[in-house]
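Below: one structure, written as structure tokens.
There are 2 protein chains.
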Amino acid sequence: MNLILLFPDDFVGDQRVRLTGRRREHVMHVHRAAVGDALVVGVGGGRIGTGEVTRIDEEALEMRVALREDPPKPLPLTLVLALPRPKVLNRVIAGATSLGVKRIYLINAWRVEKSYWKSPRLSEENLLAQRTLGLEQARDTTLPSIEIRRLFRPFVEEELPSIARDSLALVAHPTAVAECPRNAGQPVTLAIGPEGGFIDREISSLEGIGFTPVALGPRILRVETAVASVIGRLF
Amino acid sequence: MNLILLFPDDFVGDQRVRLTGRRREHVMHVHRAAVGDALVVGVGGGRIGTGEVTRIDEEALEMRVALREDPPKPLPLTLVLALPRPKVLNRVIAGATSLGVKRIYLINAWRVEKSYWKSPRLSEENLLAQRTLGLEQARDTTLPSIEIRRLFRPFVEEELPSIARDSLALVAHPTAVAECPRNAGQPVTLAIGPEGGFIDREISSLEGIGFTPVALGPRILRVETAVASVIGRLF
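Right, here's the structure in full:
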């Protein structure tokens, strides 16, 4: 936790916050903070600064906060991900959030196993927790949006064209002839398929609305590794 | 497992292999392979091809293999990592391996907690298992070397200069003025510090032998995310 993320409900005064639960525990037992210590804090969707610990008791931890800086600039990337297997979903969401992604779509694809859609990891609560971890890691404050789309075709035909408008639209495809561009210098919409990749018909649908298939190199990467690597290349 | 990694002991004939244990289980229960199916295989340190399943019984699975392709080219990157916390070590090793890194040094640094050195995850056996997972994921065959160095100063003064010779030598440092270069076009030696970073004295030591501190962006990334992202940027 490189930043303690604060929400409106935490404020008990103009510059005073009161934390309970996970954040209090973390500050006490990992940061081992004492009264007088200053920690990096940020307000959800807002600015970053320091929180000076003013009180710790068995219920809560109080800080006086001073917010001085804007959060890092959002990464101009929209990620369209075939729903990853539950085991990796958390790492993908927290990882993409830590990299500065602000818009994520989790979509269906032919090779997404149906059972993945029943995973409790898709709950609002868990997706919020993973994004929070990503922001706390990265020292950022703005939660990415996550939209879930269970039907590939209507999403691609009706929604994705306007999502990808005015951006470089790419779909990662192992057998693509084109290499992924470097240093895009413009907003990007990037679609990444499931394990085994998008099937030809899905690639055709995406090409039909202006997506270019690009290869990410000779190796097959796990989705969280691919997302980080391609972001390093594009931005 | 996008490739089944074979070792000399697996061969029971010129082109015949016999698998037991984890790989047999995986081929049977995840690939759900039957006699006649062809799977991607590769020989440790060698070529890649297909294995046609010729027999499955309760003890073993046999394949006839034909090796036709060279593995992907190694990434010309030497990673020098302050020992990560045990919880993330496996992912860092498997991830770096999947990205094509072939030389990894795990070193001490001021902010590496002493307890990390006692982790069973540092066993030969576990480090081999994680690298194998990385190769199987990426469809590669050449295991990276992993060297462990418990003393920072002798390593940096006596060994690292020759390791980094003829390469672009970089150390990731959040407060560096220089940005990490793109598309290096030459071999790179990259040092990445522990959580909280290398301390100033360590950065000075590295600068003293020709390393340039570079920033990896405004966000603090977990080491496995940083490794993937910086590789995407550099290669």
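Line order of the protein sequences matches chains A and B. Under our numbering, the residue at position 214 of the first sequence is numbered 214, and the numbers go up by one with no gaps. Under our numbering, the residue at position 66 of the second sequence is numbered 1066, and the numbers go up by one with no gaps. Here a beta-carbon is modelled for each residue, glycine too, at the ideal position from N, C-alpha and C. On a predicted model such as this, the values are computed, not experimentally measured, just so you know.
* To do: Tell me whether B:I1209 is buried or exposed, calling it buried when 16 or more other Cβ atoms sit within 10 Å of its Cβ.
  => Taking the second sequence and counting its residues from 1, one reaches residue 1209 of chain B at position 209. Exposed.
* A:A33, enclosing alpha helix (DSSP H) - first and last residue -> Translated into positions along the first sequence, residue 33 of chain A becomes position 33. First-last for A:A33: undefined, no H or E at that position.
* To do: Report yes if the CB atom of A:G49 is closer than 8 Å to the CB atom of A:L39, and no otherwise.
  => Translated into the one-based positions of the first sequence, residue 49 of chain A becomes position 49. Translated into the one-based positions of the first sequence, residue 39 of chain A becomes position 39. Taking 8 Å as the Cβ cut-off, A:G49 and A:L39 do not qualify as a contacting pair.
* Asked: At a CB-CB cut-off below 9 Å, which residues of chain A make contact with B:L1221?
  -> Taking the second sequence and counting its residues from 1, one reaches residue 1221 of chain B at position 221. Within 9 Å Cβ-Cβ: G95, S98, L99, Q137, A138, A228.
* In the region 1160-1181 of chain B, which residues sit with their C-beta less than 9 Å from some C-beta in chain D, listed in chain order? -> The question asks about chain D, but that chain is absent: this structure's protein chains are A and B.
* Contiguous beta strand (DSSP E) assignments of at least 3 residues, all confined to the region 30-110 of chain A -> 38-43, 48-56, 61-69, 75-82, 101-107
* **A:P218 at chain B interface by Cβ criterion, 8 Å** => Here the question's residue 218 of chain A lines up with position 218 in the first sequence. At least one chain B Cβ lies under 8 Å of A:P218.
* **Nearest candidate by alpha-carbon position, reference B:R1153, set B:Q1137, B:R1121, B:R1201, B:G1232** => The residue labelled residue 1153 of chain B in the question sits at position 153 within the second sequence. Here the closest residue by C-alpha is B:R1201.
* Which residues of chain B have a Cβ atom closer than 8 Å to the Cβ of A:T141, listed in chain order? -> Taking the first residue of the first sequence as position 1, residue 141 of chain A is located at position 141. Within 8 Å Cβ-Cβ: nothing; A:T141 doesn't reach chain B, min ~11 Å.
* Under 8 Å between the Cβ atoms of A:Y116 and A:P76? -> On the first sequence, residue 116 of chain A is found 116 positions in, with the first residue counted as 1. On the first sequence, residue 76 of chain A is found 76 positions in, with the first residue counted as 1. Contact: no.
* Identify the contact partners of B:T1225 in chain A, using a Cβ-Cβ distance below 7 Å as the criterion. => One-based indexing of the second sequence puts residue 1225 of chain B at position 225. Ordered by position in chain A, the residues that pass the 7 Å Cβ test against B:T1225 are G95, S98, L99, A228.
* Give me whichever residues DSSP pairs with B:I1203 in a beta bridge. => In the second sequence, counting from the first residue as 1, residue 1203 of chain B sits at position 203. Beta-bridge pairing links B:I1203 to no other residue.
* beta strand (DSSP E) segment containing B:P1218, residue limits -> As a working note, residue 1218 of chain B is residue 218 in the second sequence. B:P1218 -> no beta strand (DSSP E), and no H or E assigned at all.
* Which residues in the same chain have their Cβ closer than 7 Å to the Cβ of B:F1155, if we skip the five residues on either side of it in sequence? -> What you label residue 1155 of chain B is simply residue 155 of the second sequence in a count that begins at 1. So the qualifying residues of the chain are I1107, R1149.
* Among B:V1043, B:L1079, B:S1229, B:V1112, the one whose alpha carbon lies nearest that of B:R1103 -> For the purposes of this step, residue 1103 of chain B is taken as residue 103 along the second sequence, with counting starting at 1. Comparing Cα positions, the closest option is B:L1079.
* To do: State the CB to CB distance for the pair A:A82 and A:P194, rounded to an integer number of angstroms; the pair is presumed to be in contact (CB under 8 Å).
  => Position 82 of the first sequence, counted from the start, is the residue given in the question as residue 82 of chain A. Position 194 of the first sequence, counted from the start, is the residue given in the question as residue 194 of chain A. Sure, about 4 Å apart at Cβ, within 8 Å.
* To do: Indicate the three-state DSSP secondary structure (helix, strand or coil) for B:A1184 in the structure shown.
  => The residue you call residue 1184 of chain B lines up with position 184 of the second sequence. B:A1184: coil per DSSP, three-state reduction.
* Nonlocal neighbours in the same chain, by C-beta distance under 6 Å from B:R1139, ignoring five residues either side -> Here the question's residue 1139 of chain B lines up with position 139 in the second sequence. So the list reads N1002, L1003, once near-sequence residues are dropped.
* Asked: Can the beta-carbon of B:G1134 be found less than 8 Å from the beta-carbon of B:S1098?
  -> As a position in the second sequence, residue 1134 of chain B is number 134, starting the count at 1. As a position in the second sequence, residue 1098 of chain B is number 98, starting the count at 1. Yes.
* Asked: Is A:P74 near A:T142, with beta carbons less than 8 Å apart?
  -> The residue given as residue 74 of chain A occupies position 74 in the first sequence. The residue given as residue 142 of chain A occupies position 142 in the first sequence. Cβ atoms of A:P74 and A:T142: closer than 8 Å.
* Please check the pair B:P1072 and A:P218, which I expect to be a contact at CB under 8 Å, by giving their CB distance rounded to whole angstroms. => Looking up residue 1072 of chain B in the second sequence gives position 72. Looking up residue 218 of chain A in the first sequence gives position 218. Contact flag correct, Cβ pair sits at about 4 Å.
* For B:R1222 versus A:Q137, is the C-beta distance shorter than 8 Å? -> Taking the first residue of the second sequence as position 1, residue 1222 of chain B is located at position 222. Taking the first residue of the first sequence as position 1, residue 137 of chain A is located at position 137. Cβ atoms of B:R1222 and A:Q137: closer than 8 Å.
* Contact list for B:G1049 against chain A, beta-carbon separation under 8 Å -> Stepping through the second sequence from its first residue, residue 1049 of chain B is reached at position 49. Chain A residues near B:G1049: none, gap ~16 Å exceeds 8 Å.
* Contact set for B:K1118: own chain, Cβ-Cβ below 6 Å, skip 5 residues either direction -> In the second sequence, counting from the first residue as 1, residue 1118 of chain B sits at position 118. Nothing listed; no residue qualifies.
* **Run of the alpha helix (DSSP H) containing B:S1162, from where it starts to where it stops** => The sequence position of residue 1162 of chain B within the second sequence is 162, counting from 1. Unbroken alpha helix (DSSP H) run through B:S1162: 1160-1164.
* Asked: Assuming A:L89 and A:V41 make a contact with CB atoms under 8 Å, what is their CB distance in whole Å?
  -> Taking the first residue of the first sequence as 1, we reach residue 89 of chain A at position 89. Taking the first residue of the first sequence as 1, we reach residue 41 of chain A at position 41. That pair is no contact at about 28 Å.
* Put B:E1179 into one of helix, strand or coil per three-state DSSP. => Position 179 of the second sequence, counting from 1, holds the residue named residue 1179 of chain B. Three-state result, B:E1179: strand.
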